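*Asks:*
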Amino acid sequence: MTPVSRTEAHRVFADLYRKTRTPEHQQLIDEAILKSNDVFIRIDLIRKVDEDYESKNKPKKEDGRDRGLPEREQTRRENPKPYVTSTPDPKPKRSSDLVTIDSAKQKQNPAKKRVIEPRQGGGLLAGLFGGGAGSVNNSISKFGKDTGTIDIGLFGRNPTISNNVEKLFRGMKEDVLIPTIQALRVSEQQGWRIWTPLVYNIINNFNKFYNAFASLDALILDKISADIFLERSLKMQMFYVRFLQRNDASDIILSNLPDIVKMDDKLTPKLSKIMEGVNYALNLENTKPKLSEAITAFYIVAKKKMFTWPEIVADLRVPAIQEHKFQAAREIQKEVEITVAKLSDDINTRSFKKEELQNLRSRYFSIDDKGKISFDFLNVVVDDFMAHHMPESAKSQTVKNSYKSQPHRLVYLLLRDLQTVYINLIEGYVRLGDKNQNQELLLIQPGLFRNEIDQLNSLVRTIDNFNKKFPSFQYSFQQYGMDYSTGNAANDQIAGTIVQALQEASEFFGSFAGKLNIIVENHLMAQVTESKGKTNDKIASTKDKVIEEVKIAQRFIPHFDKSVVAKERINGMKVEDVFIQFTRYLYNYAVIFKDPATTSKLTAHRKIEQELIKLNKEYERLTYSTFHKETGSNSENSESSENQNTSDPIDLSDTEGES
């Protein structure tokens, strides 16, 4: 008979499977049905195995009965029962045969009857219906009655799985089952991106349990033996034990799973159905019967002996859910590893950048506790330049204040000061030593800073021409700040010209400072390496080797410990200190005239600190550990330039903003 519906097919499959066979024949059947979950294909597989087996072992038949099997096997074939084990039922006995060995002894020795009977707990009826209060059959009977999982057969010796268990495994409808499986699959694939390892592992374990549990529906419907059910449901049992090991598992699943559902537009409308499916599985220990009782029942029926749930849990030896490391498929593990590696790189990069900015701030700027930058050092620069390069009539305090308070005049003075005091340091030979014994040495390869020198000379000419053309032009730092931020100067031809020149000067200061800072950083890195005793010959050789290129690499500033011999104020200073002071002035000039790149370096640490907080939290979530920054070659150094103390304030208006 060929079934025409799936319901009829399940009935046909159950009848075929329950046919009585030899152990070898049954083993072939069990192996065959593992090849497919489709009931129609399983029917064909069973029929094919039966045909092949019977053709090879065709027995002789008499009176239409198969004489190749014992009479009790014939009876089982004609009267099959669901969920019975392959152990044959004992041959029915006559009432005269229902006498136990003990009862026979009692007949021979009546004097001992009173002593033995209490121990037997029931005498003839106890033997007939499964033993006394302490017998295995009585324990099974009591378990089956209390839980509703086992139906006790004749005389209590043929326990079978109750229909209540089938209802437990078939309690979810398709419109609930499918979206729940989809949501749990998404949680497995994407949950690691938002959850800690513990949350992910609990939900992923639940995902695996749910899928394994749902797949047993077909087995229950097919009325397979308890032995096969236990074999096919082993993973489900283990995932369930692991779920029950955590008292907080249900709360964690209910609190976090909706988050991943709401992130998927296709799943969001199905949230109620998904949670219905989730809650069904979460409450399998609150049902009648419990899932743990149902599993225990299968063990009892399969082994024909009493089991308890704690014994099953102990025998399965399921490891607990990991709390600190993701338990996921290999491809997910790979994604986690890649993400952690990228996070490490990002944290290291930002940490080194933050350290670099902190070094830049501490080395080149004077910043008070409130974040205000002090430009007091300008008093010395202005006084020194005017003392050496201005006529006596222009050395009054009024003229000095005029230069300090007007950007187009101050920038000219600062540019000219760079030309006369510092440029020779990077352009040609420098006299080093002292006034009695010195020599001219080359620090920088000529031409390395040609572009900067040409740009400096061009700016000096441009601003000098402007000041000569408009000697009475009055322009404050406050007005410059407004024009710079609003662009209003474009409407004023004179103001527009000087604002453009000032912007060019500010960008020049910033880029020039950045190039010199590389030389300083390289030098400080080499000093740190030397202090640790790790200097190699290549680094050591740079102490008197001319700088031929500007790139990040450990090397000393040539002759850094020698003193400069000059007519300017840097006379007597160490080469190292002059380079740091030169760079410091350029950075401060860039801030004074509002170079955006330099100004951002003073405030970028705030943004980086916020980014580092987020990155470290993400790293800790994924690894359950604190990130340890790789050892960098840069180290924080104290400012080695001179500390200028003056009482004459500098009027730079809002230039002294918070940094």
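Just so you know, this note's numbering puts 552 at position 547 of the sequence shown, and the rest follows in order with no gaps.
Don't be surprised by glycine CBs; every beta carbon is placed ideally from N, CA and C.
All values reported here derive from a predicted model rather than from experimental measurement.
Between which two residues does the alpha helix (DSSP H) harbouring R560 extend?
*Replies:* Here R560 belongs to no alpha helix (DSSP H), and DSSP marks it neither H nor E.
*Asks:* Please list, in chain order, all residues of the same chain as R81 whose beta carbon is under 6 angstroms from its beta carbon, the five residues on each side excluded.
*Replies:* Any reading at R81 must be qualified, since the residue scores a pLDDT of 38, below 50, and its modelled position is unreliable; the value itself is stated next. T25, listed in sequence order.
*Asks:* Rounded to whole angstroms, how far is the Cβ of L420 from the Cβ of L461, which I believe are closer than 8 angstroms?
*Replies:* At roughly 6 angstroms, the Cβ-Cβ gap stays under 8 angstroms, so L420 and L461 are in contact.
*Asks:* According to the neighbour-count rule (16 or more other Cβ atoms, all chains shown, within 10 Å of its Cβ), is H393 buried or exposed?
*Replies:* Exposed, since its Cβ has fewer than 16 Cβ neighbours within 10 Å.
*Asks:* Ordered along the chain, which non-local residues of its own chain (more than five positions away) have a Cβ less than 8 angstroms from that of R190?
*Replies:* Answer for R190: N212, listed in chain order.
*Asks:* Looking at the strands, I want to know which residues DSSP matches up with Y434.
*Replies:* Answer by DSSP bridge pairing, in chain order: L447.
*Asks:* State the Cα-Cα distance for the pair P412 and T631, rounded to the nearest angstrom.
*Replies:* The straight-line gap from Cα to Cα measures roughly 49 angstroms.
*Asks:* Quick check on A299: buried or exposed, where buried means 16 or more other Cβ atoms within 10 Å of its Cβ?
*Replies:* Buried, since its Cβ has 16 or more Cβ neighbours within 10 Å.
*Asks:* Cβ atoms of A217 and F234: under 8 angstroms apart, would you say?
*Replies:* Not a contact, by the Cβ cut-off of 8 angstroms.
*Asks:* Sort I503, I613, Q559, K295 by Cα distance to F148 and report the nearest one.
*Replies:* Of the listed residues, the one whose Cα sits closest to F148 is K295.
*Asks:* If the criterion is Cβ atoms closer than 8 angstroms, does the pair L437 and S546 meet it?
*Replies:* No; because the gap between Cβ atoms is not below 8 angstroms, this pair is not in contact.
*Asks:* If we count the other Cβ atoms within 10 Å of its Cβ and call it buried at 16 or more, is A307 buried or exposed?
*Replies:* Buried, since its Cβ has 16 or more Cβ neighbours within 10 Å.
*Asks:* Name the DSSP bridge partner or partners of K665?
*Replies:* Only positions 6 to 664 of the chain appear in the structure, and residue 665 is not among them; the question remains open.
*Asks:* Report buried or exposed for N650, applying the criterion of at least 16 other Cβ atoms within 10 angstroms of its Cβ.
*Replies:* With a pLDDT of only 33 at N650, under 50, the local geometry of the prediction cannot be trusted, and no value is derived from it.
*Asks:* For D156, write down the residues that DSSP places opposite it in a beta bridge.
*Replies:* DSSP, once it has assigned bridges, lists T165 as partnering D156.
*Asks:* Have a look at R410 and Q505 and give me their C-alpha separation to the nearest angstrom.
*Replies:* The residue asked about is misnamed: residue 410 is Ser in this sequence, not Arg. Distance between the alpha carbons of S410 and Q505: 18 angstroms.
*Asks:* Measuring straight from C-alpha to C-alpha, what distance separates Q498 and R626?
*Replies:* Straight-line Cα distance between these residues: approximately 58 angstroms.
*Asks:* Would the beta-carbon of R16 be found less than 7 angstroms away from any heavy atom of the ligand FAD?
*Replies:* Absence of the ligand FAD from the depicted structure is noted, as is the absence of any ligand whatsoever, leaving it without description.
*Asks:* Give the range of the alpha helix (DSSP H) segment to which V504 is assigned.
*Replies:* V504 -> alpha helix (DSSP H) spans 498–536.
*Asks:* Which of helix, strand or coil does DSSP assign to I372?
*Replies:* I372 falls in the strand class under three-state DSSP.
*Asks:* For I428, which three-state DSSP category applies?
*Replies:* Coil at I428, not helix or strand.
*Asks:* Who are the near neighbours of Q338 in its chain, counting only those whose CB is closer than 7 angstroms to its CB and skipping five residues on each side?
*Replies:* Contacts found: F331.
*Asks:* By Cβ distance below 6 angstroms, which residues in the same chain neighbour T152 in space, the five residues on each side in sequence not counted?
*Replies:* Cβ neighbours of T152 beyond the five flanking positions: P294, E298.
*Asks:* For I674, which residues does DSSP report across the bridge?
*Replies:* What is shown of the chain runs 6 to 664, which leaves residue 674 out entirely.
*Asks:* On a CA-only basis, which of T502, R237, N210 is nearest K40? Give me that one, please.
*Replies:* Minimum Cα distance to K40 is reached at R237.
*Asks:* Can you tell me whether K549 is buried or exposed? The criterion is at least 16 other CB atoms within 10 Å of its CB, across all chains shown.
*Replies:* A small correction: the amino acid at residue 549 is Asp; Lys does not occupy that position in the sequence shown. Classification for D549: exposed.
*Asks:* Helix, strand or coil: which one does DSSP assign to K539?
*Replies:* Coil at K539, not helix or strand.
*Asks:* Looking at I552 and P584, is the spacing between their C-beta atoms short of 8 angstroms?
*Replies:* Note that residue 584 corresponds to Phe in the displayed sequence, not to Pro. No, Cβ-Cβ distance for F584 and I552 is not below 8 angstroms.
*Asks:* Beta-carbon separation of A231 and F312 under 8 angstroms?
*Replies:* Contact: no.
*Asks:* Within the continuous alpha helix (DSSP H) that includes T298, where are the two ends?
*Replies:* The residue you asked about is not Thr; residue 298 is Glu in the sequence shown. First-last of the alpha helix (DSSP H) with E298: 296–308.
*Asks:* Quick test of the definition: if touching needs 3 or more C-beta pairs under 8 angstroms, does the region 511–526 touch the region 454–473?
*Replies:* Touching, yes.
*Asks:* Using the C-alpha atoms, what's the distance from L33 back to L21?
*Replies:* Cα to Cα, the separation comes out at about 13 angstroms.
*Asks:* Please classify F244: does DSSP put it in a helix, a strand, or coil?
*Replies:* Helix, per DSSP.
*Asks:* What are the boundary residues of the alpha helix (DSSP H) that I618 is part of?
*Replies:* Its alpha helix (DSSP H) spans residues 601–628.
*Asks:* Note down the Cα distance separating A286 from P324, rounded to an integer number of angstroms.
*Replies:* Roughly 21 angstroms between the two C-alpha positions.
*Asks:* Less than 8 angstroms between the CB atoms is what I'm expecting for F370 and N593, so what's the real figure, rounded?
*Replies:* With 8 angstroms as the limit, F370 and N593 qualify as a contact, their Cβ atoms being about 7 angstroms apart.
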